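These protein sequence lines map, in sequence, to chains A and B. Under the numbering used here, the first residue of the first sequence is numbered 103, with each subsequent residue one higher. Under the numbering used here, the first residue of the second sequence is numbered 103, with each subsequent residue one higher. Cβ coordinates follow ideal geometry from the N, Cα and C atoms, glycine included. Every value quoted in this text rests on a predicted model; they were computed, and no experiment measured them.
Protein chains: 2
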Amino acid sequence: MKVNGKPTRTIWLESDGSTVGVIDQTALPHRFATLKLATLDDAARAIATMQVRGAPLIGAAAAYGMCLALRADASDEAIDRAYAVLLKTRPTAINLKWALDMMVAVIRNRPRSERAAAAYKRAAEICDEDVAINQAIGRHGLKLIEDIAAKKKPGEPVNVLTHCNAGWLATVDVGTATGPIYAAHDKGVKLHVWVDETRPRNQGASLTAWELGQHGVPHTVIADNTGGHLMQHGMVDMVITGTDRVSAQGDVCNKIGTYLKALAAKDNNVPFYIGAPSPSIDFALNDGAAIPIEQRGGEEQATMTGRTADGRIETVTVIPEGSPVANYGFDVTPARLVTGLITERGVLPATRDGLARAFPERVNGLRVGVGR
Amino acid sequence: MKVNGKPTRTIWLESDGSTVGVIDQTALPHRFATLKLATLDDAARAIATMQVRGAPLIGAAAAYGMCLALRADASDEAIDRAYAVLLKTRPTAINLKWALDMMVAVIRNRPRSERAAAAYKRAAEICDEDVAINQAIGRHGLKLIEDIAAKKKPGEPVNVLTHCNAGWLATVDVGTATGPIYAAHDKGVKLHVWVDETRPRNQGASLTAWELGQHGVPHTVIADNTGGHLMQHGMVDMVITGTDRVSAQGDVCNKIGTYLKALAAKDNNVPFYIGAPSPSIDFALNDGAAIPIEQRGGEEQATMTGRTADGRIETVTVIPEGSPVANYGFDVTPARLVTGLITERGVLPATRDGLARAFPERVNGLRVGVGR
């Protein structure tokens, strides 16, 4: 998507053919900055500190992290070490393991001299595949938005609520939850997005609002507390969020607070959709309750970073001295609350059968391209 | 309750017998500051800017605001003007109108020379009555907490979740939602409070955490998004919140986001209680959906105020330039989601019958002491 009018991805190979460029998402929305990752440790740090974040982008960054490791050392031991280092950067998004497995599958049985080149090729493919998946999610979701638009009075926008950032910043480009939104906007469908702030890290207010603004999509930032009230008053036509991991039976792990919006959607008959690329589906795990939930540092809850009236970036503490905090990163929305999973193969019911029929090759244990 | 070990109320008559002292709650949790209100406009400004807030405290402050108006001018016209000025400061909490009606009832039919004295006397009574009501809520709610504690393993705390601040800072003293919490803590019942941050104004992180900390009650500040996840994992034994207005059929208007927690409580069989003093019950309004919901300034959502590492208080903007915001202050939780209303007359079902049986004098239109 565009930044200051210029088409941009969240991750790219630099012109030297080996270092990897990324947008530093911790500087947004106040400053657009990029970073060069030159080593495995650079990549691991970028993922762990959330300079890059979002399940699909984490996968892409891990793939390139493996490339950077191989550039320094292409031994089996180095591959194992890089796999372990990258896998432990974040625990919840399954895309991380998915991408690492993809990478290992193409490099393991090659001569050492060919491994780095094969890895860079596969990492680039993973990035391009992510964009293609999100474009397909956009096409399928567009139909859902158009169906709602058709029932609206002339001039009335379709009101979409989203939580956290499952936008192009969370992916390589286009976004999962935002795929349908950008597709509709670009086609001229009138819509408006309610953007949940998404405490404690504010990915909604910082990232989703920023990217929608850059692309010209009408939106309004709201407190995470607000969505239920809006739904009670007919001010939300549909919810679309992303996911960090979908279980085989259709439970959806996503940013903390997603479950609360799903409950409100159910209570008010508002359709609740998930932009769910297949790399985010974990066919090896049936029950979403078993997904590990990341607990992050308390400072994310205790503080807020923003810009002062005179343009300085300051971090302020917003709790009393001595008050403990807890910071759970994700929750699990049971499949019963999910209207549909918008995948690259269509809008699927959030059921074991629905997922299995659309992705038979994954259910049979034959994970495409996965060798470990 | 205590501030730095010293018993303190949120509002008091100063030693000059006419000006009114309050805690400036906009300075908390970073600084404990007090203000002197000398005129009607001082009182109106303190309520509108939320230097004093919380439904019961708004009522008490409005009562004293009427006193300050009478001190300057005790004419019928001045009373009407003060009533109008104070009533429009905040739209949602019914305690404001309740207190103003109480005041008018005792001053209207007196000689002008006696009005101010009668008003100060009645305002002091309203304050003392609020404390007595909250103590009664505490006694009734204590029983609920003790019942849960009795089923816990030895050493395990009762985990209470609360939203916003319905603590002693929201009242004259003791608090509504916190009445049972302080009663249990003071009696030695082991408990722990999950404190919702409560965006956009952070009354949970700023005020509830501060007052629980001052009183030594174990607590943890969490993002508003977190409660559903905690309930899914058995980490919340009960929810207690306050209310700005309860409708005659038991719908509960409270801080935005309360409805989402009520949905999660229902979905996980967690009891959901409201600390509901009778002045917050609006017997003239059946359906909670008709309660006016205050929309406040967007800057509350767009910014955060806190202290920097070197101790300065700074306000920072946390959204992109140009992104619009919306700021709905309250939502309405339907009675079907409420386990019980903890009133000064006991724990009542959230039904028309339940409320009517406990407060028959209110249902018959004979609002106690209300003359207009």
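Inset, instruction - For chain A, find out if any of its Cβ atoms is closer than 8 Å to the Cβ of D118/B; answer yes or no. - result: False, the Cβ-Cβ gap to chain A never drops below 8 Å.
Legend entry - Bridge-paired residues (DSSP) for S349/B: The secondary-structure analysis by DSSP pairs S349/B across a beta bridge with D384/B.
Legend entry - Short Cβ contact (8 Å threshold) for A268/A with D353/A: No; because the gap between Cβ atoms is not below 8 Å, this pair is not in contact.
Legend entry - Member of W270/B, V208/B, R454/B and D298/B whose CA lies at the smallest distance from the CA of I383/B: A check of alpha carbon separations from I383/B across W270/B, V208/B, R454/B and D298/B identifies R454/B as the nearest.
Inset, instruction - Can you have a look at N236/B and say buried or exposed, based on whether 16 or more other CB atoms are within 10 angstroms of its CB? - result: N236/B comes out buried.
Legend entry - Residue environment, D339/A, which counts as buried when at least 16 other CB atoms sit within 10 Å: By the neighbour-count rule (16 or more Cβ atoms within 10 Å), D339/A is buried.
Inset, instruction - With DSSP collapsed to three states, give me the class of N197/A. - result: If DSSP states are grouped into helix, strand and coil, N197/A belongs with the helices.
Legend entry - Neighbourhood of P426/A by C-beta distance below 6 Å, restricted to the same chain and skipping five residues each side: None.
Legend entry - Bridge-paired residues (DSSP) for D412/B: DSSP output for D412/B lists no bridge partner at all.
Legend entry - Per-residue burial, D369/B [other beta carbons within 10 Å of its own, 16 or more giving buried]: Using a 10 angstroms sphere on the CB of D369/B, the tally of other CB atoms reaches 16 or more, which defines it as buried.
Inset, instruction - Examine chain B for any beta-carbon lying closer than 8 Å to the beta-carbon of N327/A, and answer yes or no. - result: Yes, its Cβ sits closer than 8 Å to a Cβ of chain B.
Inset, instruction - Compile a chain-ordered list of the residues in the region 288-307 of chain A whose CB is closer than 7 Å to at least one CB of chain B. - result: Correct list: E299, R301, P302, N304 and A307.
Inset, instruction - Alpha carbon to alpha carbon, how far is K289/B from D311/A? Give it in angstroms, no decimals. - result: It is Ala, not Asp, that sits at residue 311/A in the sequence shown. Just so you know, the alpha carbons of A311/A and K289/B end up roughly 48 Å apart.
Legend entry - C-alpha distance - G473/B paired with A207/B, whole-angstrom precision: Annotation note: pLDDT 33 at G473/B (below 50); position unreliable, no value reported.
Legend entry - K357/A - partner residues in DSSP beta bridges: In the DSSP assignment, K357/A forms a beta bridge with F432/A.
Inset, instruction - Can you tell me the Cβ-Cβ gap for I239/B and P379/B, rounded? I've got them flagged as a contact below 8 Å. - result: Correct: roughly 7 Å between the Cβ atoms.
Legend entry - First through last residue of the beta strand (DSSP E) which encompasses H242/B: Not the beta strand (DSSP E): H242/B falls in the alpha helix (DSSP H), residues R214 to A252.
Inset, instruction - Specify the secondary structure class of T329/B as computed by DSSP and reduced to three states. - result: Just to set this straight, residue 329/B is Gly in the shown sequence, not Thr. DSSP places G329/B in helix when its eight states are reduced to three.
Inset, instruction - Leaving out five residues on either side along the sequence, give the residues of the same chain with a beta carbon under 7 Å from the beta carbon of T280/A. - result: These residues qualify, in order along the chain: A268, G269 and W270.
Inset, instruction - Starting from Q397/B, follow its DSSP beta bridges and name the residues at the other end. - result: Listed as beta-bridge partners of Q397/B by DSSP are Y430/B.
Legend entry - Sub-8 Å separation of L387/A and A364/A beta-carbons: Not a contact, by the Cβ cut-off of 8 Å.
Legend entry - Alpha-carbon spacing of A391/B relative to V440/B, whole angstroms: Cα to Cα, the separation comes out at about 15 Å.
Legend entry - Buried/exposed call for R111/A, threshold 16 Cβ in 10 Å: By the neighbour-count criterion, in which 16 or more other beta carbons inside 10 Å mark a residue as buried, R111/A falls on the buried side.
Inset, instruction - Can you give me the start and stop residues for the beta strand (DSSP E) that M340/B sits inside? - result: Taken as a continuous stretch (DSSP letters only), the beta strand (DSSP E) holding M340/B covers M340 to T343.
Inset, instruction - Using the Cα positions of Q334/B and V291/A, report the straight-line distance between them to the nearest angstrom. - result: Straight-line Cα distance between these residues: approximately 38 Å.
Legend entry - C-alpha distance - S120/B paired with P109/B, whole-angstrom precision: Straight-line Cα distance between these residues: approximately 22 Å.
Inset, instruction - Using the DSSP secondary-structure output, state which residues sit across from K138/A in a beta bridge. - result: Per the DSSP secondary-structure output, K138/A pairs in a beta bridge with G123/A.
Legend entry - Environment of H145/B [buried if 16+ CB atoms lie within 10 Å]: Sequence inspection shows Ala at residue 145/B; the His mentioned does not correspond to that position. Its Cβ being crowded by 16 or more others within 10 Å, A145/B is buried.
Legend entry - Burial state of R459/A, where buried means 16 or more other Cβ atoms lie within 10 Å: Looking at its Cβ environment, which holds fewer than 16 other Cβ atoms inside 10 Å, R459/A is exposed.
Legend entry - With 16 other Cβ atoms within 10 Å as the buried cut-off, status of K223/A: Under this definition K223/A is an exposed residue.
Inset, instruction - Please determine, among V418/B, R214/B, C355/B and A171/B, the residue with the shortest C-alpha to C-alpha distance to G407/A. - result: According to the sequence shown, residue 407/A is Thr rather than Gly. The shortest CA-to-CA distance from T407/A to any of V418/B, R214/B, C355/B and A171/B is the one to V418/B.
Legend entry - Segment contact flag, the region 131-147 of chain A with the region 163-172 of chain A, C-beta cutoff 8 Å, min 3 pairs: Segments in contact, yes.
Inset, instruction - Find the residues of chain A that neighbour P426/B, judging by a C-beta separation of less than 8 Å, and give them in chain order. - result: Within chain A, the residues placing a beta-carbon under 8 Å from that of P426/B are H321, T322 and V323, ordered along the chain.
Legend entry - Residues that M406/B contacts on chain A, provided the C-beta gap is smaller than 7 Å: Those are M406, G408, V418 and V420, listed as they occur along chain A.
Legend entry - Beta-carbon gap between A220/B and I209/B smaller than 8 Å: The Cβ atoms of A220/B and I209/B lie closer than 8 Å to each other.
Inset, instruction - Look at F385/B and T194/B and say whether their C-beta atoms are less than 8 Å apart. - result: Contact: no.
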